[in-house]
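According to our numbering, the sequence shown is numbered sequentially starting from 26.
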Amino acid sequence: MTSTVDAQVLATPAGPLSLLVHDGVLVAAGFTTDPTRMFDRLPAALRALSLQAVEDLGKPAQAVRDYLEGDLFALDAVEVDQPGTPTRQRLLAALRAVPAGTTVSYAELAERAGLPRTAARAAGSACAQNLIAPFVPCHRVLPSVGGFGGYYYGSPVKEWLLRHERAI
Numbered sequence: 026m027t028s029t030v031d032a033q034v035l036a037t038p039a040g041p042l043s044l045l046v047h048d049g050v051l052v053a054a055g056f057t058t059d060p061t062r063m064f065d066r067l068p069a070a071l072r073a074l075s076l077q078a079v080e081d082l083g084k085p086a087q088a089v090r091d092y093l094e095g096d097l098f099a100l101d102a103v104e105v106d107q108p109g110t111p112t113r114q115r116l117l118a119a120l121r122a123v124p125a126g127t128t129v130s131y132a133e134l135a136e137r138a139g140l141p142r143t144a145a146r147a148a149g150s151a152c153a154q155n156l157i158a159p160f161v162p163c164h165r166v167l168p169s170v171g172g173f174g175g176y177y178y179g180s181p182v183k184e185w186l187l188r189h190e191r192a193i
């Protein structure tokens, strides 16, 4: 096990995307120029390690480049890991299974996770606390009442991602 969390910031049309990797696994990703913003959201065991900027994270960085060039499924091939209760893990797995170019409602996401449709609030919470956007594509969840709903990195980023994926 390495004693660092490696970080790289990539330029994207939606804004800078910080990627954080530990032992070859993506543990955080988010639209910010400051990787420490993502690092500060990690579990305590990872925050106890040092954060180190690197030139190229390899597979995760290449997946982002491929995604931006039109391979909308490139992010799916990157191994990710984030904390959560068993229910949260089921929701995150269901979220990761929502294919590019499609959207679901919070109630549909809960149902896909094997939870009752009434668990839409839990689905919303899982999206709000997602540490690995856009690899775990919370941007693909829309409110059933219409509109884009909230997004941790702002509606313009969410809209750009959905337009890029031709989901809207």
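Note that CB positions come from ideal geometry on N, CA and C, so glycine has one too.
In the DSSP assignment, the alpha helix (DSSP H) including residue i goes from what residue to what residue?
| i | result |
| --- | --- |
| residue 91 | 84–93 |
| residue 149 | 145–153 |
| residue 135 | 131–137 |
| residue 32 | No alpha helix (DSSP H) holds residue 32; the beta strand (DSSP E) holding it covers 29–35. |
| residue 107 | No alpha helix (DSSP H) contains residue 107, which DSSP labels as neither H nor E. |
| residue 70 | 69–72 |
Is the beta carbon of residue j closer than 7 angstroms to that of residue i?
| i | j | result |
| --- | --- | --- |
| residue 54 | residue 157 | yes |
| residue 188 | residue 123 | no |
| residue 88 | residue 105 | no |
| residue 119 | residue 134 | yes |
| residue 116 | residue 145 | no |
| residue 190 | residue 97 | yes |
| residue 85 | residue 51 | yes |
So residue i and residue j are supposed to be a Cβ contact under 8 angstroms. How far apart are they, rounded?
| i | j | result |
| --- | --- | --- |
| residue 82 | residue 33 | 5 angstroms |
Determine the extent of the beta strand (DSSP E) in which residue i is found, giving its start and end residues.
| i | result |
| --- | --- |
| residue 47 | 42–47 |
| residue 50 | 50–55 |
Does the stretch 111–130 come close enough to the stretch 64–80 that 3 or more CB-CB pairs lie under 8 angstroms?
-> no
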